[in-house]
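Encoded as structure tokens, the structure appears first; notes follow it.
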Amino acid sequence: MAARVSRVERLTTFVRDLDSPLPQVDPARTYELVPADPASLHAFRASEPKAMTERKLGVLLGRVGTDEQGWLVRDADGDWLGWCHLLRGSGPNSRIGHTLRLRPDDVFLYDDATVPRQRRRGVHGFTIARRLELARASGAARAVTTIANTNAASIASYRALGFVPRSQLVHLPRLGRTIELPLTPTWVRRLARGRRHSS
Numbered sequence: 001m002a003a004r005v006s007r008v009e010r011l012t013t014f015v016r017d018l019d020s021p022l023p024q025v026d027p028a029r030t031y032e033l034v035p036a037d038p039a040s041l042h043a044f045r046a047s048e049p050k051a052m053t054e055r056k057l058g059v060l061l062g063r064v065g066t067d068e069q070g071w072l073v074r075d076a077d078g079d080w081l082g083w084c085h086l087l088r089g090s091g092p093n094s095r096i097g098h099t100l101r102l103r104p105d106d107v108f109l110y111d112d113a114t115v116p117r118q119r120r121r122g123v124h125g126f127t128i129a130r131r132l133e134l135a136r137a138s139g140a141a142r143a144v145t146t147i148a149n150t151n152a153a154s155i156a157s158y159r160a161l162g163f164v165p166r167s168q169l170v171h172l173p174r175l176g177r178t179i180e181l182p183l184t185p186t187w188v189r190r191l192a193r194g195r196r197h198s199s
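To convert, note that position 134 of the sequence shown is 134 in UniProt numbering; the numbers rise steadily by one, no gaps.
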């Protein structure tokens with residue numbers, strides 16, 4: 001299992017409709033998604049032991065054969081660059097012990113990582129764009145992700161590809177709870193609707 005955080009943490013949920021034009025994968029990025037099976041995971045671990053720790057390897061192996069679709073990213077030279085995941089429907093966040101309840105036609109994008117020395121090569125953007133393509137091809141209508149508010153780089157990557165904020169998650173470890181809050185308070189939305197109807 002992933003290590004859980006022990007302090008209050010705030011995350012933002014981002015969404016993107018899949019009926020709008022999808023970002024195009026840069027043809028200059030000669031990367032590929034490799035299904036995360038035991039052989040490829042062990043090969044990644046052997047090549048990049050600092051990036052994929054023994055603990056992380058165990059987590060990823062535990063997802064093999066489940067509904068959690070995992071991929072490893074590899075370039076044309078055979079170098080391992082990172083990993084990413086996709087899940088149809090409700091999505092777990094093991095770090096905060098919370099499951100985001102989603103619609104049946106939603107897909108959840110999560111657990112993206114790039115090998116530190118391979119960053120700034122467009123790997124993260126590639127994994128997002130490819131998963132959006134796979135999600136739409138499967139009939140999904142919307143993509144959702146959650147990102148810690150401190151992870152500015154990941155937020156920038158997702159926003160650049162059309163994701164917009166939906167809600168805030170506040171993890172309260174002492175209470176063993178995570179609460180979801182709308183970005184705009186309910187009373188503000190009701191007031192805005194009332195003003196529109198009265199005008």
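Where a beta carbon is used, it is the ideal one built from N, C-alpha and C, also for glycine.
Being a predicted model, the structure only gives us computed values, none of them experimental.
Opening and closing residue of the alpha helix (DSSP H) in which residue i lies
i      : result
Glu133 : 123 to 137
Val59  : 54 to 63
Arg7   : Neither: Arg7 is in no alpha helix (DSSP H) and is coded neither H nor E.
Ala160 : 152 to 160
Beta-carbon proximity of residue i to residue j, cut-off 8 Å
i      : j      : result
Arg121 : Val15  : no
Arg131 : Cys84  : yes
Ala36  : Leu72  : yes
Leu18  : Ala135 : yes
Val25  : His171 : no
Leu57  : Gln69  : no
Beta carbon proximity, residue i to chain B, threshold 8 Å
i     : result
His85 : The chain labelled as chain B is not found in the depicted structure, where only one protein chain is given.
Own chain partners of residue i with C-beta closer than 7 Å, once the 5 adjacent residues on each side are dropped
i      : result
Asn149 : Arg10, Leu11, Thr12
Pro104 : Gly89
Val115 : Glu48, Ala51, Trp80, Leu81, Gly82
Close beta carbons around residue i, own chain, < 6 Å, minus the five adjacent residues each side
i      : result
Asp106 : Arg142, Val144
Leu161 : Pro23, Ile128
Ala113 : Gly82, Trp83
Gln118 : Leu81
Ser63  : Before going further, note that residue 63 is Arg rather than Ser in the sequence given. Gly70, listed in sequence order.
Arg177 : none
Top-ranked residue by Cα proximity to residue i, from the options
i      : options                      : result
Gly125 : Thr99, Ala156, Arg174        : Ala156
Met52  : Asp111, Pro21, Phe163, Ser20 : Asp111
Ser40  : Arg55, Tyr31, Arg74          : Arg74
Pro182 : Val164, Pro27, Leu169        : Leu169
Gly78  : Glu54, Asp67, Glu32          : Glu32
Ile179 : Phe163, Thr99, Val164, Pro38 : Thr99
Ala140 : Thr66, Asp67, Phe108, Ala152 : Phe108
Ser20  : Val34, Asn151, Glu133        : Glu133
Pro27  : Val164, Ser138, Val123       : Val123
Extent of the continuous beta strand (DSSP E) to which residue i belongs
i           : result
Ala113      : 106 to 114
Gln168      : 164 to 172
residue 208 : With the chain covering only 1 through 199, there is no way to say anything about residue 208.
Arg142      : 142 to 148
Contact test: residue i Cβ vs the ligand COA heavy atom, cutoff 7 Å
i     : result
Lys50 : Ligands in the displayed structure: none, and consequently the ligand COA is not present.
Sequence-distant residues of the same chain with beta carbon closer than 8 Å to residue i, five excluded per side
i      : result
Ala43  : Trp80
Ile147 : Leu11, Thr12, Phe14, Ser154, Ile155, Tyr158
Pro38  : Leu61, Val64
Note to self: At 4 residues or longer, what runs of the alpha helix (DSSP H) sit wholly inside the region 14 to 88?
What the structure shows: Counting only unbroken stretches of 4 or more residues, the alpha helix (DSSP H) elements lying wholly within the region 14 to 88 are 38 to 47, 54 to 63, in sequence order.
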